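Participant:
In this note's numbering, the protein residues as written are 2 to 222.
1. So what's residue 7 in DSSP terms, helix, strand or just coil?
2. How far does the alpha helix (DSSP H) with residue 159 in it reach, from first residue to last?
3. By DSSP's criteria, residue 219 is part of a beta bridge. Which residues make up the other side?
4. DSSP beta-bridge partners for residue 17?
5. If I measure Cβ to Cβ from residue 104 and keep anything under 6 Å in the same chain, skipping five residues before and after, which residues do I get?
6. Measure how close the beta-carbons of residue 91 and residue 185 come, nearest whole angstrom, since I'm counting them as under 8 Å.
7. Return the chain-ordered list of same chain residues with a C-beta closer than 6 Å to the C-beta of residue 10, the five sequence neighbours on each side being excluded.
8. Out of curiosity, what's the CA-to-CA distance linking residue 146 and residue 98?
9. When the Cα atoms are used, what is the spatial distance from residue 5 to residue 208?
10. Check whether the Cβ atoms of residue 63 and residue 112 lie closer than 8 Å to each other.
11. Using C-beta distances below 7 Å, list every residue in its chain close to residue 25, excluding the 5 sequence neighbours before and after it, in chain order.
12. Suppose you measure from the CA of residue 180 to the CA of residue 45; what does that come to, to the nearest Å?
13. For residue 102, list the residues DSSP reports as bridge partners.
14. DSSP has residue 167 in a bridge; who is on the other side?
15. Helix, strand or coil: how does DSSP classify residue 25 here?
16. Buried or exposed, going by whether 16 or more other CB atoms sit within 10 Å of the CB of residue 100?
17. Around the Cβ of residue 110, are there at least 16 other Cβ atoms within 10 angstroms (buried) or fewer (exposed)?
18. Buried or exposed, going by whether 16 or more other CB atoms sit within 10 Å of the CB of residue 149?
19. Below 8 Å on the Cβ atoms is my guess for residue 182 versus residue 189; work out the distance and round it to an integer in Å.
20. Residue 12 bridges to which residues according to DSSP?
21. Going straight from the alpha carbon of residue 67 to that of residue 55, what length do you get?
22. Does the contact criterion of 3 or more C-beta pairs under 8 Å hold for the stretch 163-182 versus the stretch 78-95?
23. Relative to the C-alpha of residue 39, which candidate in 21, 144, 7 and 75 has its C-alpha closest?
As structure tokens, then:
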């Protein structure tokens, strides 16, 4: 199956009391398909985070739409959208968002725990690929920063997502760990996934096939 992400004429403004609204997105278009690794660049406040939230259906647009694998996200209810995200989209953040009281393997399998589903062996295999085989029962506080980011990426891959939205995934990492994360994201696209990555890191930009720069809510041509 070919995966796809299409953002069509996306606009979003943030209203502020007694002040001029801030136009975070202004008729932005973006198309990505299986194998695409896209880096989004631009200064703070230019709309990158709004773009990422919109791409994952976490933010309602004022106009335009986001279509993931043929599904217009605006046509889904909140519960349907959450279910669709769980099956198709994963996030990797600079802050990791690991649950402090859960072990490494339970953080990776977090979506399965309530259902008693999934595969512990598959989770261990992924952690082994990231050099975390001896950390499966550790808590996040017992890991280095680089190890925590590798756990977060393991969780994204374990989820079976077709699209990874990565927000500054190497911002806190040294060169060795940054390379591990970036190679894993590249491998994900080579296996048919899509990566949309916001970054200021030249190391990360070098791994992307396509580089787009935002300025004041639109693409800077």
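We put the beta carbon where it would ideally sit given N, CA and C, even for glycine.
What you are looking at is a predicted structure, and each value in this text was computed from that prediction instead of being measured.
Facilitator: Taking the coordinates as given:
1. The answer is strand: DSSP assigns residue 7 an E or B state.
2. Counting along the chain, the alpha helix (DSSP H) containing residue 159 begins and ends at 146-159.
3. In the DSSP output, where bridge partners are listed per residue, residue 219 has 216.
4. 20
5. 138
6. Not really, about 12 Å apart at Cβ, beyond 8 Å.
7. Scanning its chain for C-beta atoms nearer than 6 Å, with the 5 sequence neighbours on each side dropped, one finds around residue 10 the residues 28 and 65, in chain order.
8. The straight-line gap from Cα to Cα measures roughly 12 Å.
9. 20 Å
10. For the pair residue 63 and residue 112, the CB atoms are not nearer than the 8 Å cut-off.
11. Cβ-Cβ distances below 7 Å link residue 25 to 13, 14, 15, 48, 51 and 218 in the same chain, with the five nearest sequence neighbours on each side left out; the list follows chain order.
12. 24 Å
13. Paired residues: none, contrary to the question.
14. 93 and 198
15. strand
16. exposed
17. buried
18. buried
19. Contact doesn't hold; Cβ gap of about 11 Å is too wide.
20. 64
21. 7 Å
22. yes
23. It is 7.
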